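Undergrad: Protein chains in written order, with full-length UniProt numbering: chain A, 1 to 205; chain B, 1 to 205.
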DNA sequence: GCTCAATAGTGGACTCAGTCCATTTATTCC
DNA sequence: GGAATAAATGGACTGAGTCCACTATTGAGC
């Protein structure tokens, strides 16, 4: 069983944490690159045994996505809080922007800025993509339920994927903007606007 | 060195081929599922040694994408053939649709239809999307050059990603439609239209 | 025919990610 | 002092992917 982040009342207390392993891993990735860093090295530096890594992360590449993993949950909450009478795409956009408000200039996910430095790897891209798919699926079910269409409906799927993709584009552009980047929200707004615009028109027809 | 598909004049002739390994692999995937099939089993059935597999494919999951490998090149060609005076997004859309015309009802990439049957796991789904990610970069540079904007421009990035994502959505919906699916083109058209519409408006402003 | 270069296939050893399971350790509740 | 619970560990195992040296089969030039 993968350890949860909240320590329960009973049982042996944690010696370790996702964050400790994350820190150790990021250090090593910067020093040696992603591919050359083994899980054994990570756990050694964190002062635990190799197997403990897999108590906290299902795979090596998952170490990048600690910060992002709650975004899915937050997005789900925000999406279900959208008032029923709001236009679908506009409501969805608002939900995205609300979640993005949590990301100030300092809260850039590590992987976005350090990807080049660690010799970003196919494996890493792949793990990013699976996050993408997970987010897209949250959006997809929301759209399907609001539009009263099956979640396999082509336009629903297209809209969900396009929204998610635009979000990633915004995050990349934002991270790439350097120290002057400011908040994520304006980037996201500009990226989502055309997509929402286009699909809102498609859905009212 | 990964073997090329054209047999050169000199040297030992091939005993094997990408297609032979592909066939053997697909059979086994259907029989046992993707995860339970080892490369050793694939090469045994194809009558070659394990190492030969890696002469033809860099990784197990690459066996799915033989058919898709030239799509990037074709898209690049079609994009550069777009007349200069066409509106950017409309021209891009046409190029996508032209490439898609190559995919009739029978030419469904195997993986798209058999995904469920082989116990489609995350690795496979993800390897699908990462193929398309390469396409996003082709689109991105085309848009940037036509719009005379840097390829890092937020809207350019967003448009490229959104187009690619809509394409994936179309391909999935098409494959999921079963034997009555018909051609890919109409699915793609419906998925791309809203995205192109939205960004065309954004870019003229 | 012989030799040479080129290319395909093979064998074997190796590293490391990820799985599995049994065992130990630390803690709380009773 | 148990009993229950949960974290950490040790060790064995599978399989992907890498590396490299070696063999096999061809065409070309002589």
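Heads up, the beta-carbon is just placed ideally off N, CA and C, and yes, glycines get one too. Since this is a predicted model, take the numbers as computed values, not measurements.
Any Cβ of chain A within less than 7 Å of the Cβ of residue 158 of chain B?
TA: Stepping through the second chain from its first residue, residue 158 of chain B is reached at position 158. So, interface residue.
Undergrad: Who are the neighbours of residue 187 of chain A on chain B, taking C-beta pairs under 7 Å?
TA: As a position in the first chain, residue 187 of chain A is number 187, starting the count at 1. In chain order: 154.
Undergrad: Would a C-beta distance cut-off of 7 Å place residue 187 of chain A and residue 154 of chain B closer than the cut-off?
TA: The residue labelled residue 187 of chain A in the question sits at position 187 within the first chain. The residue labelled residue 154 of chain B in the question sits at position 154 within the second chain. Contact: yes.
Undergrad: What do you get for residue 197 of chain A, buried or exposed, if any count of 16 or more other CB atoms within 10 angstroms of its CB means buried?
TA: Within the first chain, numbered from 1, the residue matching residue 197 of chain A stands at position 197. Its Cβ being crowded by 16 or more others within 10 Å, residue 197 of chain A is buried.
Undergrad: Given this structure, state the Cα-to-Cα distance separating residue 40 of chain A from residue 52 of chain A, to the nearest angstrom.
TA: Taking the first residue of the first chain as 1, we reach residue 40 of chain A at position 40. Taking the first residue of the first chain as 1, we reach residue 52 of chain A at position 52. The alpha-carbon atoms of residue 40 of chain A and residue 52 of chain A are separated by roughly 10 Å.
Undergrad: Residues of the stretch 161-194 of chain A in Cβ contact with chain B at a cutoff of 7 Å, in chain order, please.
TA: 161, 162, 164, 165, 166, 168, 169, 170, 172, 173, 176, 187, 190, 191, 193 and 194
Undergrad: In this structure, does DSSP put residue 142 of chain A in helix, strand or coil?
TA: For the purposes of this step, residue 142 of chain A is taken as residue 142 along the first chain, with counting starting at 1. If DSSP states are grouped into helix, strand and coil, residue 142 of chain A belongs with the helices.
Undergrad: Does DSSP classify residue 82 of chain B as helix, strand or coil?
TA: Position 82 of the second chain, counted from the start, is the residue given in the question as residue 82 of chain B. The answer is coil: DSSP assigns residue 82 of chain B none of H, G, I, E or B.
Undergrad: Under 8 Å by Cβ, that's how I've got residue 160 of chain A and residue 195 of chain A pegged, so tell me the actual separation to the nearest angstrom.
TA: For this step, residue 160 of chain A is matched to residue 160 along the first chain. For this step, residue 195 of chain A is matched to residue 195 along the first chain. In fact, because the Cβ distance is near 10 Å, the residues do not count as touching under 8 Å.
Undergrad: Distance, Cα to Cα, residue 63 of chain A vs residue 126 of chain A?
TA: If you number the first chain from 1, residue 63 of chain A lands on position 63. If you number the first chain from 1, residue 126 of chain A lands on position 126. C-alpha separation (whole angstroms): 13 Å.
Undergrad: Using C-beta distances below 6 Å, list every residue in its chain close to residue 3 of chain A, excluding the 5 sequence neighbours before and after it, in chain order.
TA: Start at 1 with the first residue of the first chain, and residue 3 of chain A comes out as number 3. Below a pLDDT of 50, predicted positions are generally treated as unreliable, and residue 3 of chain A, at 49, falls in that range; no measurement from the model is reported.
Undergrad: DSSP three-state label for residue 38 of chain B, please.
TA: Position 38 of the second chain, counted from the start, is the residue given in the question as residue 38 of chain B. If DSSP states are grouped into helix, strand and coil, residue 38 of chain B belongs with coil.
Undergrad: Please list the segments of the alpha helix (DSSP H) lying wholly inside the UniProt domain "HTH tetR-type" (15-75) of chain B, counting only runs of 4 or more residues, in order along the chain.
TA: Runs found: 18-32, 39-46 and 50-56.
Undergrad: Starting from residue 130 of chain B, find everything on chain A with Cβ-Cβ shorter than 8 Å and list it in chain order.
TA: The residue labelled residue 130 of chain B in the question sits at position 130 within the second chain. Neighbours of residue 130 of chain B on chain A, chain order: 122, 125, 126 and 129.
Undergrad: Rounded to whole angstroms, what is the Cα-Cα separation between residue 20 of chain B and residue 13 of chain B?
TA: In the second chain, counting from the first residue as 1, residue 20 of chain B sits at position 20. In the second chain, counting from the first residue as 1, residue 13 of chain B sits at position 13. The alpha-carbon atoms of residue 20 of chain B and residue 13 of chain B are separated by roughly 15 Å.
Undergrad: If I measure Cβ to Cβ from residue 99 of chain A and keep anything under 7 Å in the same chain, skipping five residues before and after, which residues do I get?
TA: Here the question's residue 99 of chain A lines up with position 99 in the first chain. Excluding positions up to five away in sequence, the list reads 71, 74, 75 and 78.
Undergrad: Consider the Cβ of residue 144 of chain B: report whether some Cβ of chain A lies at a distance smaller than 7 Å.
TA: Start at 1 with the first residue of the second chain, and residue 144 of chain B comes out as number 144. Output row for residue 144 of chain B: interface = no.
Undergrad: Do you know offhand how far residue 90 of chain B's Cα is from residue 26 of chain B's?
TA: On the second chain, position 90 is the one that residue 90 of chain B refers to. On the second chain, position 26 is the one that residue 26 of chain B refers to. Looking at the backbone, the Cα of residue 90 of chain B and that of residue 26 of chain B are separated by about 38 Å.
Undergrad: Excluding the 5 residues flanking residue 49 of chain B on each side, which residues of the same chain have their C-beta closer than 7 Å to its C-beta?
TA: Within the second chain, numbered from 1, the residue matching residue 49 of chain B stands at position 49. Result list for residue 49 of chain B: 43, in chain order.
Undergrad: Would you verify that the beta carbon of residue 3 of chain A is, or is not, closer than 7 Å to some beta carbon of chain B?
TA: Against the first chain, residue 3 of chain A aligns to sequence position 3. Confidence in residue 3 of chain A is poor, its pLDDT being 49 and thus under 50, which makes the residue's placement unreliable; the coordinate value appears in the next sentence. Not one chain B Cβ lies under 7 Å of residue 3 of chain A.
Undergrad: Residue 199 of chain B CB to nearest chain A CB: under 7 Å?
TA: On the second chain, position 199 is the one that residue 199 of chain B refers to. So yes, residue 199 of chain B belongs to the interface.
Undergrad: Classify residue 155 of chain B as helix, strand or coil using the three-state DSSP reduction.
TA: In the second chain, counting from the first residue as 1, residue 155 of chain B sits at position 155. Note: residue 155 of chain B maps to helix in three-state DSSP.
Undergrad: Taking C-alpha atoms, which residue in A:167, A:193, A:107 and A:205 lies nearest to residue 129 of chain A?
TA: Locating residue 129 of chain A in the first chain gives position 129, counting from the first residue. If we check each option's Cα against that of residue 129 of chain A, A:167 comes out closest.
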